[in-house]
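**Q** Pasting a structure below so you can have a look.
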Amino acid sequence: MKILAGDIGGTKTLLMLADVSDGRLTALARERYASADYPDLAPMVRAFLSDAGLPRDDIDAACFALAGPVVHQQGVDRARLTNLPWELESTRLAQDLGIPRVALLNDFEGIGHSLDDLPAEALHSLQTGQADPAGVRLVVGAGTGLGVCIVPPGQPLRVLPTESGHANFAPADARQARLWQYVTDQEGCCTREHLLSGRGLGRIARFLVAQGQTPGESLGPALEGDDPAPVISQLALEGSDPVAVEVVALFLAVYGGQTGDLALGCLPFGGVFIAGGIAPRLLPQMHEGSFIEAFCHKPPMTHLLERMPVQVIGDTDAGLLGAARHAASLCPQSDRTA
């Protein structure tokens with residue numbers, strides 16, 4: 000059985016063709032595309048399959064995970080991408096591509112579907128906790144935005160998408176309250192995603208400068224640009240700019256605290272998984288403990304949060320893997336084991 004999987008972002012799209020046999024996924028072809036180079040997903044997929052030399056009628060199912068909300072209604076999936084002028088519909092894609100089964104997932108739904116397939120080396124433990132194999136699992140991840148999904152126990156695996164990243168940010172102390180006020184003055188409101196994202200790192204840095212801190216010669220010019228996050232992360236890792244170090248410390252305190260708030264909402268004793276592009280880059284600082292300290296500091300419920308395993312997903316292809324796994328699940332059981 001052959002399946003097609005995609006992970007669609009505002010900047011790049013990853014496509015993979017895979018064979019499924021005895022429940023195992025084997026990649027046959029894989030390519031990365033600049034999303035903005037195509038007016039829609041279908042022309043990109045056609046180019047990929049042409050390059051791979053595979054007729055479309057050989058594909059049994061396809062699944063695409065994408066950055067934006069997906070509406071599942073009466074067997075049809077519809078999505079409007081957050082950072083691309085694409086409007087996708089599963090039935091139209093199936094017709095345009097000649098693939099009998101097509102599904103669309105929110106990008107964090109895709110990551111949720113990958114959890115059972117992630118290799119041990121892709122996971123980095125921040126807190127061992129006391130894992131309950133039959134427990135709820137929570138996925139939270141800061142990157143371009145802030146994604147959140149819940150994976151309830153049971154089979155077949157189900158993933159519940161959320162838009163909790165757009166909920167209002169609740170400060171945990173006086174300094175975070177000043178940060179909240181600063182962002183609210185700038186943006187009109189302060190959501191979790193305003194802080195827990197690549198742009199959020201820049202907002203936190205500019206807040207600290209507004210509070211009187213002086214950035215170094217590398218950080219200062221970066222804060223004048225649109226995306227200072229890579230510079231902030233690198234300077235913090237090097238320890239060469241005190242303001243960058245402080246930005247990351249405050250970012251991780253907010254990240255841990257907000258993840259703890261989300262965990263209180265679903266009690267994920269099956270594990271908390273930190274995804275997205277930022278956490279793997281800040282892994283050394285996350286291991287220093289400020290993230291977990293903020294995560295657990297929820298009296299009188301600290302003891303519950305201390306029981307939850309917390310791991311960082313280091314595999315940046317988790318969404319693609321999850322889309323592939325979900326595509327395989329769309330096919331009859333006899334096809335999946337053939």
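Position one of the sequence shown corresponds to residue 0 (numbering that gives the first Met the number 0), numbered consecutively onward.
Even glycine gets a Cβ: it sits at the ideal position worked out from N, Cα and C.
Please read all numbers here as calculations on a predicted model, not as lab measurements.
Can you tell me where the beta strand (DSSP E) holding isoleucine 2 begins and where it ends?
**A** Locating residue 2 in the sequence shown gives position 3, where the first residue counts as 1. Start and end: 1 to 7.
**Q** Going by DSSP, which residues form a beta bridge with threonine 12?
**A** In the sequence shown, counting from the first residue as 1, residue 12 sits at position 13. BP columns for threonine 12 point to Ile7, Tyr32.
**Q** So, helix, strand or coil for serine 217, using DSSP?
**A** Here residue 217 corresponds to residue number 218 of the sequence shown, with the count starting at 1. Correct three-state label for serine 217: coil.
**Q** Could you compute how far the alpha carbon of glycine 288 sits from the alpha carbon of valine 150?
**A** Here residue 288 refers to the residue found at position 289 when the sequence shown is read from its first residue. Here residue 150 refers to the residue found at position 151 when the sequence shown is read from its first residue. Taking the straight line from one Cα to the other gives about 26 Å.
**Q** Touch check for the stretch 288 to 298 and the stretch 108 to 122: three-plus C-beta pairs under 8 Å?
**A** Contact between the stretch 288 to 298 and the stretch 108 to 122 is absent: fewer than 3 CB-CB pairs across the two stretches fall below 8 Å.
**Q** Please report how far the alpha carbon of leucine 195 lies from the alpha carbon of arginine 306, in whole angstroms.
**A** Working through the sequence shown from its first residue, we reach residue 195 at position 196. Working through the sequence shown from its first residue, we reach residue 306 at position 307. Computed Cα separation, rounded: 24 Å.
**Q** Beta carbon of leucine 104, beta carbon of cysteine 62: below 9 Å?
**A** As a first step, residue 104 is located in the sequence shown; it is residue number 105 there, counting from the start. As a first step, residue 62 is located in the sequence shown; it is residue number 63 there, counting from the start. Yes, the Cβ-Cβ distance between leucine 104 and cysteine 62 is below 9 Å.
**Q** Leaving out the 5 sequence neighbours to the left and right, which residues in its chain are closer than 7 Å to leucine 282 when beta-carbon positions are compared?
**A** Numbered from its first residue, the sequence shown carries residue 282 at position 283. Non-local beta-carbon contacts of leucine 282 in its own chain, meaning distances under 7 Å to residues more than five positions away in sequence, involve His123, Val311 in chain order.
**Q** Buried or exposed for leucine 263, please, with buried defined as at least 16 other CB atoms from any protein chain shown within 10 angstroms of its CB.
**A** On the sequence shown, residue 263 is found 264 positions in, with the first residue counted as 1. Looking at its Cβ environment, which holds fewer than 16 other Cβ atoms inside 10 Å, leucine 263 is exposed.
**Q** With three or more C-beta pairs closer than 8 Å as the rule, is the stretch 317 to 328 touching the stretch 16 to 29?
**A** yes
**Q** Any idea what DSSP makes of cysteine 148, helix, strand or coil?
**A** One-based indexing of the sequence shown puts residue 148 at position 149. In the structure shown, cysteine 148 sits in a strand (DSSP, three-state: E or B).
**Q** For the candidate residues Thr315, Ser49, Pro308, whose alpha-carbon lies nearest to that of alanine 278?
**A** Here residue 278 refers to the residue found at position 279 of the sequence shown. When only C-alpha atoms are compared, the closest one is Thr315.
**Q** Measuring CA to CA, which of Gly9, Ala41, Lys11, Ala33 is closest to leucine 3?
**A** Your numbering for residue 3 matches position 4 in the sequence shown. When only C-alpha atoms are compared, the closest one is Ala41.
**Q** Is the separation between the beta-carbon of alanine 133 and that of glycine 269 shorter than 9 Å?
**A** Here residue 133 is taken as the residue at index 134 of the sequence shown, counted from 1. Here residue 269 is taken as the residue at index 270 of the sequence shown, counted from 1. In contact: alanine 133 and glycine 269 (Cβ atoms closer than 9 Å).
**Q** Which of the three DSSP states, helix, strand or coil, is assigned to valine 138?
**A** Against the sequence shown, residue 138 aligns to sequence position 139. Three-state DSSP puts valine 138 in a strand.
**Q** Work out the CA separation of glycine 215 and valine 69 for me, nearest whole Å.
**A** Your numbering for residue 69 matches position 70 in the sequence shown. Your numbering for residue 215 matches position 216 in the sequence shown. Each residue's Cα considered, the two are about 43 Å apart.
**Q** Which residue wins for smallest C-alpha separation from arginine 191, given the options Asp36, Ala204, Gly146?
**A** For the purposes of this step, residue 191 is identified with residue 192 of the sequence shown, where counting begins at 1. Minimum Cα distance to arginine 191 is reached at Gly146.
**Q** Give the range of the beta strand (DSSP E) segment to which glutamate 88 is assigned.
**A** Taking the sequence shown and counting its residues from 1, one reaches residue 88 at position 89. 86 to 88 is the span of the beta strand (DSSP E), which, as asked, contains glutamate 88.
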